[in-house]
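Peer 1: If you scroll down you'll find the structure; I have some questions about it.
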Amino acid sequence: MEGVVKFNCHWNQSGVVITDEQYEILNYWREVLFNMDLIGAYENGVGFGNLSMRTGKTNQFVITGSATGDIPELEPGHYIKVNSFNIDDNAVMCTGPLKASSESLSHAAIYTADQGTNAVVHVHEYDLWRELKGELPTTGEEMEYGTTGLAKEILRLFRETDVMEKRIIIMGGDKAGILTFGHDMDEAVGVLMQYLKK
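Numbering (the working numbering), first residue to last: 198 to 395.
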């Protein structure tokens, strides 16, 4: 099971919502990251890591579903569409076979802050997190994952730091949590890979 969903999830249960093209891109990169142990689940069963892609020119996006971190290869039914969200109200409106990931508001904040971003990656890598925490744009330690406070912290980083240039966010209150983003999924993953190689 993935971490607890902390937002108000307004879920419209439905069939598959992801397009073939979105599925092909998301699943390819998710499998790469899963095999690198950057997405997965801890021994206590709590999952970590997810990917999302913006839908067209809207703020809607497709994201991995809640409680999917430990599944080696996802099916189309494991992806959810976030139709709308309200960061102030801590609310996410989603459609799909499962509820949206607990990190949906963090992804939503990035899509809101930068209309040029079309893909977001969230992974856990403790050594890299420890090394980069405070050195690169970092959210406050008091902001836990999946909260409206974290989403607002991400918006603050876009206003006050060079996060647009760096394209990486260190999640100060989510031990090992790292977000990268880009114009497409190749770029979002590429940013992460550059830091892993350093």
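Where is the CB? At the ideal position from N, CA and C, for every residue including glycine.
Hey, K278 and V214: beta-carbon distance below 7 Å or not?
Peer 2: Taking 7 Å as the Cβ cut-off, K278 and V214 qualify as a contacting pair.
Peer 1: Suppose you measure from the CA of G387 to the CA of L376; what does that come to, to the nearest Å?
Peer 2: Spanning the two alpha carbons is a distance of roughly 12 Å.
Peer 1: Could you spell out where the alpha helix (DSSP H) holding M290 opens and where it closes?
Peer 2: Not the alpha helix (DSSP H): M290 falls in the beta strand (DSSP E), residues 288-293.
Peer 1: Please name the residue, chosen from H380, N280, L393, G346, that lies closest to T255 on a Cα-to-Cα basis.
Peer 2: It is N280 whose Cα lies nearest to the Cα of T255.
Peer 1: Could you give the distance in angstroms between the alpha-carbon of M361 and the alpha-carbon of M340?
Peer 2: Taking the straight line joining both Cα atoms gives about 21 Å.
Peer 1: Leaving out five residues before and five after V259 in sequence, what residues of the same chain have Cβ atoms less than 6 Å from its Cβ?
Peer 2: Taken in chain order, the residues that qualify are I215, Q219, M250, Y276, K278.
Peer 1: With the cut-off set at 7 Å, would you say D288 and N209 are in Cβ contact?
Peer 2: At residue 288 the sequence reads Ala, which differs from the Asp that was named. No, these two residues do not count as a Cβ contact at 7 Å.
Peer 1: Whose CA, out of S298, F245, V318, lies closest to the CA of I307?
Peer 2: Of the listed residues, the one whose Cα sits closest to I307 is V318.
Peer 1: Under the three-state reduction of DSSP, which class applies to F204: helix, strand or coil?
Peer 2: Looking at F204 - three-state DSSP - the assignment turns out to be coil, as it is neither helix nor strand.
Peer 1: CA-CA distance, G244 and L389?
Peer 2: Roughly 19 Å between the two C-alpha positions.
Peer 1: Residues in its own chain within less than 8 Å of L235 by CB, not counting five upstream and five downstream?
Peer 2: Correct list, in chain order: G246, V320, H321, E322, L389.
Peer 1: Would S303 be called buried (16 or more neighbouring beta carbons within 10 Å of its own) or exposed?
Peer 2: It counts as buried.
Peer 1: Using only CA atoms, which one of P273, H380, G242, R356 lies nearest to L295?
Peer 2: L295 has its Cα closest to that of P273, out of P273, H380, G242, R356.
Peer 1: Under 6 Å Cβ to Cβ from G346, same chain only, skipping five residues before and after it: list those, please.
Peer 2: Excluding positions up to five away in sequence, the list reads M340.
Peer 1: For R364, name the three-state secondary structure that DSSP assigns.
Peer 2: Coil at R364, not helix or strand.
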